[in-house]
Every structure is written in C-alpha cells, then in structure tokens.
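Structure record follows, encoded as structure tokens.
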Amino acid sequence: DQQVKQNSPSLSVQEGRISILNCDYTNSMFDYFLWYKKYPAEGPTFLISISSIKDKNEDGRFTVFLNKSAKHLSLHIVPSQPGDSAVYFCAASNFGNEKLTFGTGTRLTIIP
Amino acid sequence: GAGVSQSPSNKVTEKGKDVELRCDPISGHTALYWYRQRLGQGLEFLIYFQGNSAPDKSGLPSDRFSAERTGESVSTLTIQRTQQEDSAVYLCASSLTGGTNQPQHFGDGTRLSIL
Numbered sequence: 113d114q115q116v117k118q119n120s121p122s123l124s125v126q127e128g129r130i131s132i133l134n135c136d137y138t139n140s141m142f143d144y145f146l147w148y149k150k151y152p153a154e155g156p157t158f159l160i161s162i163s164s165i166k167d168k169n170e171d172g173r174f175t176v177f178l179n180k181s182a183k184h185l186s187l188h189i190v191p192s193q194p195g196d197s198a199v200y201f202c203a204a205s206n207f208g209n210e211k212l213t214f215g216t217g218t219r220l221t222i223i224p
Numbered sequence: 004g005a006g007v008s009q010s011p012s013n014k015v016t017e018k019g020k021d022v023e024l025r026c027d028p029i030s031g032h033t034a035l036y037w038y039r040q041r042l043g044q045g046l047e048f049l050i051y052f053q054g055n056s057a058p059d060k061s062g063l064p065s066d067r068f069s070a071e072r073t074g075e076s077v078s079t080l081t082i083q084r085t086q087q088e089d090s091a092v093y094l095c096a097s098s099l100t101g102g103t104n105q106p107q108h109f110g111d112g113t114r115l116s117i118l
C-alpha cells in the first residue's frame, strides 16, 4: 500500500522556467510533509517542509504548497537551474510516529 | 565533517554471510533512523532510536535484521545470513530531537550487494 505517491517518474524543464513536482498521499493522519533532493551516490538532502496547519511555505527559490482536502502537495522551483537536476522525494509523517514515509521519487532534469 | 557518516560506502558479500553497517549521527542529535532503498523504489523505514527509549523496530523486514545504538552516538545495523533481496542502499539519518516537525538529515548510505 503506497501511502505517498509521486506519479511522475521524470520531468524535464527548461533552465529559468518553473519546475513543479507533485505528490499525493492517502493517509489523512499525516501532518508533516517534507521534500528531499538526491544526487547519485549521495544521501537525500532536506530541502523544505510544511506542517499541516499551513498551506504554503517558501524558502528562496523553493515553495511547497499543501492542499489537505485533496491530499496533495507540490514543490515549485523558480527559476530552475542546472544544479537542480536530481531525484526529488516527498515524504510524510504524523504526530507520534516519527518515521518518514517516502514516495518513489521524480527525476528532474533541467535543460540548459 | 558535521554530517551523518556511514561506513562502509560499499559492501559486496556472498549470500549467507553476515554484514554490519555503521552510522555516526550528527553530534547532539538524539534521534537516529535506518532506511533502505531498493533499486527504483522509495526509501523504506527500518528502525528508529530516540535517546534511551526502546527502539521502534516496526520496519525491520525479518528477524535476520537487528540494530543497536550506544547511547546517543554510533549505531550498527546487522544483517545475518544475507539474501539476494537484501541488496539495497542502506541509509542512516539523524534529527535533533526526533519529534515531528524535525527534518531528518541523511548520510550517503552503504550500497550493499549480495552475490
């Protein structure tokens, strides 16, 4: 049972444009959501998170949006840069259960 | 360095052998997690340590898997009688207090290959 789903295995975006990565979840108990970025042969790097009491969180070029009614979150990267090319994972957890449940990842390629 | 450190970075072993993987968390982080990532899949939770509390072992796939942590420092993940399906990248993460709303910071993982 895949509780966190990233339905797009890959995405290509022109440099300078906006990249939008999507994530859906099924467990309504999830109340904390994170995005991680992963380069080959490295561990995931934390990017940005959002609590379920918010619907938006920004950090520089990265913005995460949460739609609780749709059980959907998205990561916007603007403007996209070549160094953003990586695999992006969304993850979720719920209060009292600190383990993260991960999606299967989306490979983002920024085209120069 | 200041990050999570894992060793070895790569391990190749024969089916049936035991392996031990090591994780050094970020200094001061009380919570430590082990995950694994099989080829083409997301990260799968294995076990969670928080301070001196009993670990959450709910993600361990079989009794061949065990983990220990000494205080709030080093952790070892042991896989006994390895099988080919154990081949994966094993990732360790730590967080400051282990509560929700605390991002987990990952090491670079140990790539385990079972022949």
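Protein sequence lines correspond, in order, to chains A and B. Per the working numbering, the first sequence starts with residue 113, numbered consecutively. Per the working numbering, the second sequence starts with residue 4, numbered consecutively. Each residue gets a CB set at the ideal place from its N, CA and C atoms; glycine is no exception.
Assumed close pair residue i, residue j - CB separation to whole angstroms, cut-off 8 Å
| i | j | result |
| --- | --- | --- |
| Ser163(B) | Thr81(B) | Because chain B in this structure spans residues 4 to 118, residue 163(B) falls outside the shown range and cannot be described. |
| Ser98(B) | His32(B) | 6 Å |
| Thr216(A) | Ser205(A) | Actually they are not in contact, since the Cβ atoms of Thr216(A) and Ser205(A) sit about 17 Å apart, beyond 8 Å. |
| Thr218(A) | Val190(A) | Between Val190(A) and Thr218(A) the Cβ distance is about 16 Å, and since that is not below 8 Å, they are no contact. |
| Ala91(B) | Arg39(B) | 4 Å |
| Phe177(A) | Leu159(A) | About 14 Å; that fails the 8 Å criterion. |
| Asp136(A) | Ser163(A) | Not confirmed; about 18 Å, so no contact. |
| Asp111(B) | Glu154(A) | 5 Å |
| Arg67(B) | Gln44(B) | 20 Å between Cβ atoms; not a contact. |
| Leu146(A) | Ala203(A) | 5 Å |
| Leu115(B) | Glu17(B) | Rounded, the Cβ-Cβ distance is 12 Å, inconsistent with contact. |
| Ser161(A) | Pro106(B) | 6 Å |
Per-residue burial, residue i [other beta carbons within 10 Å of its own, 16 or more giving buried]
| i | result |
| --- | --- |
| Leu49(B) | buried |
| Gln126(A) | exposed |
| Ser12(B) | exposed |
| Phe207(A) | exposed |
| Gly172(A) | exposed |
| Val116(A) | buried |
| Val15(B) | exposed |
| Tyr93(B) | buried |
| Asp113(A) | exposed |
| Ala57(B) | exposed |
| Lys211(A) | buried |
| Gln87(B) | exposed |
| Thr113(B) | buried |
| Tyr36(B) | buried |
| Tyr51(B) | buried |
| Ile223(A) | exposed |
| Leu42(B) | exposed |
| Pro156(A) | buried |
| Arg129(A) | exposed |
Bridge-paired residues (DSSP) for residue i
| i | result |
| --- | --- |
| His108(B) | Ser97(B) |
| Gln40(B) | Leu46(B), Val92(B) |
| Val190(A) | BP columns for Val190(A) are empty, so no partner. |
| Asp21(B) | None; Asp21(B) has no bridge partner. |
| Phe142(A) | DSSP lists no partner for Phe142(A). |
| Asn206(A) | Asn209(A) |
| Asn119(A) | Partner(s): none; Asn119(A) has no beta bridge. |
| Gln53(B) | Ala34(B) |
| Tyr200(A) | Lys149(A), Thr218(A) |
| Val77(B) | DSSP lists no partner for Val77(B). |
| Thr113(B) | Tyr93(B) |
| Ser126(A) | The residue you asked about is not Ser; residue 126(A) is Gln in the sequence shown. DSSP, once it has assigned bridges, lists Ile223(A) as partnering Gln126(A). |
| Gln9(B) | Cys26(B) |
| Arg67(B) | Arg67(B) is not bridged to any residue. |
| Leu185(A) | Cys135(A), Leu178(A) |
| Asp167(A) | DSSP lists no partner for Asp167(A). |
| Thr157(A) | Lys149(A) |
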